[in-house]
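Note that this note's numbering has the sequence shown beginning at 190, numbered continuously upward.
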Amino acid sequence: MTTQDKEATITQLFKDVERLVNQEEYTKALRSLDKILQSNPEDKDALHCKVVSYIRLGKYQNALDILHKNFSDFDKLKSEEAYCLYRLNKFDELLNLLRKNKSGNNSELNLRHLEAQMAYKTEDYNTSIEIYYALLQEANKNDDVYNDILTNFNAAKAALLFSDGHLDEKYAMTDSLNTYELAYNTACTYIGQKDYKKAEKLFNMAKNICKKSLLSEDYTEDKIEIELGTINTQLGYVYQLQGRISEAIEIYQNILKAKGMDTTVSAIASNNLVAAKKDSELFDSARKLRIANLQEFAKLKPESLHINFALMQLQLITSNPNNALETFEKYLLTIKEDKERYKPGYVGLLVWLYEQSGMHEKAIKTLEDAGTFWKNNSSSSESTLILKQTAAFKIKTGHYQEAAQYYEQLVKVDPLDTQAIAGLVSAYSHYDIEKAEQYESSLPEVNSGEGTVPMDIDVDSIERIVPGVKKSYYKKTDAKIDRPSQKTHKKKKKRKPLLPKSYDPSIPPDPERWIPKRERSSFKAKGKRKQQLMKGGSQGTAVAGGGIGGTGSANIGKSAVSENQATATAQSTQSQQPPPKPKSGDNKNKKKKKKGNKW
């Protein structure tokens, strides 16, 4: 690449950096700056931009390292160095830096402003007020810097009054409230003077000014609520001091519900809510306060295992597994060694959090990465644990063939590992029964060997003597199962038969009482029925001498018949009698004659 091409590339990279900084994409800007510094590590402009980007990202130590390494003799960036020391709470080094620059007749406005801020942070409010007052006398009222100094000046006065300090009349406040910061700090001063009505009025004014200002900058409603969080907290505090508890509680609850609220604001709102509610719902408020405090501690010490785990436990108790996962992932990023990061305990917890958050693919990838790492580092115990976790997770998610492969690896390493064999049987049972039975035969029997549970133990009696279980848990009838009952069972009373009123036990019952009346021996026909029976029955019945073959039809032939023929016919009729008539049971299929019908 020629020199002109390199210059063109660097120029284009600087344009990219400018564009990204304007878009507040500082992380991407750092990548472009690194490309510039690869070609020229001594490029001061690129290093300066990198310092500013780190400061914007809140990585003050990184910015300070670059300043000490590349700008030690460069007075132009002393303001950036002083600011980094201030944000890192390195006040002794900051004080030395400020003294050196003062001795060199360098009374730069930014450094003096920073000195006043340091005095305010170290609670030396009188010194802070004095410096701010001097800066106000020198600054131009039409500049934005003047409003910043005036805002901090009022904040220092309010802090002095809150700490029961005495404010000199020379520093009496003015009502020049053209920004919401000025209105807010002036209101805080009125709180210190216990003039709550004026403080409430100014807080509401600060809210209106802030909202109009942010709407003009196209802020969304959610972001505006976050920006108003500090003002609303103080307004709720003013309501609380005036005894308007319900209004204060409503404000605090709205602050805690807002997403993305600053943790310090949430912690103060939670603390005030606890004081406002006193004994009502204390537990929930205290839990939120703990979470807010732990989040602050976790930011200060991100590498602390105890702080991060305590925060994760509270987040899980409040049913926020996603937040717990985010906390744990941040903690894992602070671990530099892979051997520490891929510990089975950490891996198992991470997989479980992924599973609770519904990220099954990430859980599988985590297990596979951990397994690959321990396999390459020839650690048998960790590798075995990771393989077992992976196989169990595969079964849980329904990947039975993959689970069987992992368990086969474990069985090859240790053929006596009953846990691995049992897992292999479980995996094969879903798609290969023969192999499952083959491995099942190698498992030990449940009731064999030493130390096993005897089979003749009364399980019910063991359950009844479990410590900590109330006796009322068991039914009363359960206690009587083992004891045979001494009382004889009472015989059921037989129901007495219903007898007719005219019943006489001395008279035996009629044996034909179940037969229809017309078929009984004592039955006597009446009326037309009697006449029909006397004539010989109905049509089709056999009558002696009644026609050819005894069919009952009309006689055909001569009317005169000799006595011999009549005798012969009678004898033949007697010898050829039809079989006896069946019993009356066959009449059941015949339809009964209805009353009133005629033949």
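All C-beta atoms, glycine included, are put in the ideal place defined by N, C-alpha and C.
Note that the structure is predicted; figures quoted are calculated from it, not measured.
Contact check, T198 vs S228, beta carbons under 9 Å: Your numbering for residue 198 matches position 9 in the sequence shown. Your numbering for residue 228 matches position 39 in the sequence shown. Yes, they are a contact pair.
First through last residue of the alpha helix (DSSP H) which encompasses A348: Translated into positions along the sequence shown, residue 348 becomes position 159. It spans D333 to F351 - the alpha helix (DSSP H) in which A348 sits, taken as one unbroken run.
Segment limits, alpha helix (DSSP H) that includes F203: On the sequence shown, residue 203 is found 14 positions in, with the first residue counted as 1. Per DSSP, F203 belongs to the alpha helix (DSSP H) from T192 to N211.
Straight-line Cα distance separating K310 from S296: Here residue 296 is taken as the residue at index 107 of the sequence shown, counted from 1. Here residue 310 is taken as the residue at index 121 of the sequence shown, counted from 1. A caution first: S296 carries a pLDDT of 49, below 50, which makes its placement in the model unreliable, though a value can still be read off. Spanning the two alpha carbons is a distance of roughly 21 Å.
DSSP-derived helix/strand/coil call for R707: In the sequence shown, counting from the first residue as 1, residue 707 sits at position 518. It is helical.
Limits of the alpha helix (DSSP H) - the one that A684 falls within: By 1-based counting over the sequence shown, the position of residue 684 is 495. The sequence as given places Arg at residue 684; Ala does not occur at that position. Where R684 is concerned, there is no enclosing alpha helix (DSSP H), given that its DSSP letter is neither H nor E.
Among L403, T586 and N461, the one whose alpha carbon lies nearest that of G425: Along the sequence shown, one-based indexing puts residue 425 at 236. The shortest Cα separation from G425 among L403, T586 and N461 belongs to N461.
Three-state class that DSSP yields for S570 in the structure shown: Taking the first residue of the sequence shown as 1, we reach residue 570 at position 381. The answer is helix: DSSP assigns S570 an H, G or I state.
Reduced DSSP category for A759 - H, G, I as helix; E, B as strand; rest coil: Within the sequence shown, residue 759 is the residue found at index 570, counting from 1. Only weak support is given to the placement of A759: the predicted model assigns it a pLDDT of 41, under 50, and the value that follows is read from those uncertain coordinates. A759: helix per DSSP, three-state reduction.
Proximity to L333 [Cα-Cα], best of E231, N367 and V600: By 1-based counting over the sequence shown, the position of residue 333 is 144. Contrary to the premise, residue 333 reads as Asp rather than Leu in this sequence. Closest by alpha carbon: N367.
Close Cβ partners of Y620 (< 7 Å) along its chain, the five nearest in sequence each way excluded: One-based indexing of the sequence shown puts residue 620 at position 431. Correct list, in chain order: Y589 and Q590.
D407 Cβ short of 8 Å to the ligand SAM heavy atom set: This structure simply doesn't include the ligand SAM, nor any ligand for that matter.
Same chain only: Cβ atoms within 7 Å of N374, ignoring 5 sequence neighbours per side: In the sequence shown, the residue the question calls residue 374 occupies position 185. Within the same chain, N374 has close Cβ partners T340, N343, A344 and A347.
Assigned secondary structure, Y535 (DSSP; H/G/I helix, E/B strand, else coil): Taking the sequence shown and counting its residues from 1, one reaches residue 535 at position 346. Reduced to three states, the DSSP call for Y535 is helix.
Integer-rounded CB distance, given that Y428 should sit under 8 Å from A395: As a working note, residue 395 is residue 206 in the sequence shown. As a working note, residue 428 is residue 239 in the sequence shown. Incorrect: roughly 15 Å between the Cβ atoms, too far for contact.
For L494 and K519, the rounded distance between their alpha carbons: Translated into the one-based positions of the sequence shown, residue 519 becomes position 330. Translated into the one-based positions of the sequence shown, residue 494 becomes position 305. Here the alpha carbon of K519 sits roughly 11 Å from the alpha carbon of L494.
Rounded C-alpha distance that separates E213 from D234: Position 24 of the sequence shown, counted from the first residue, corresponds to residue 213. Position 45 of the sequence shown, counted from the first residue, corresponds to residue 234. For E213 and D234, the distance between alpha carbons rounds to 18 Å.
Coarse secondary structure for S221, derived from DSSP in three states: Here residue 221 corresponds to residue number 32 of the sequence shown, with the count starting at 1. The answer is helix: DSSP assigns S221 an H, G or I state.
DSSP three-state assignment for T579, whether helix, strand or coil: For the purposes of this step, residue 579 is taken as the residue at position 390 of the sequence shown. In the structure shown, T579 sits in a helix (DSSP, three-state: H, G or I).
Element boundaries [alpha helix (DSSP H), containing M307]: What you label residue 307 is simply residue 118 of the sequence shown in a count that begins at 1. Segment L298 to K310, the alpha helix (DSSP H) holding M307.
Among N482, K248 and E544, nearest to V454 - alpha-carbon criterion: Residue mapping note: residue 454 aligns to position 265 of the sequence shown, counting from 1. Looking at the Cα atoms, N482 is the closest of the given residues.
Same chain, Cβ closer than 8 Å to L632, five either side skipped, listed in chain order: Counting from 1 along the sequence shown, the entry for residue 632 is found at position 443. If you ignore the 5 residues before and after L632, its C-beta comes within less than 8 Å of the C-beta of T607, I610, A611 and V614, all in its own chain and listed in chain order.
Secondary structure, alpha helix (DSSP H): runs of 4+ residues fully inside the segment 370-405: 385-405
Proximal residues to N336 (C-beta, below 6 Å), its chain only, five neighbours per side dropped: As a first step, residue 336 is located in the sequence shown; it is residue number 147 there, counting from the start. Counting only Cβ-Cβ distances below 6 Å, and skipping sequence neighbours, we find T368.
Any C-beta of chain C under 9 Å from that of V427: Of the protein chains in the structure, only one exists, and it is not chain C.
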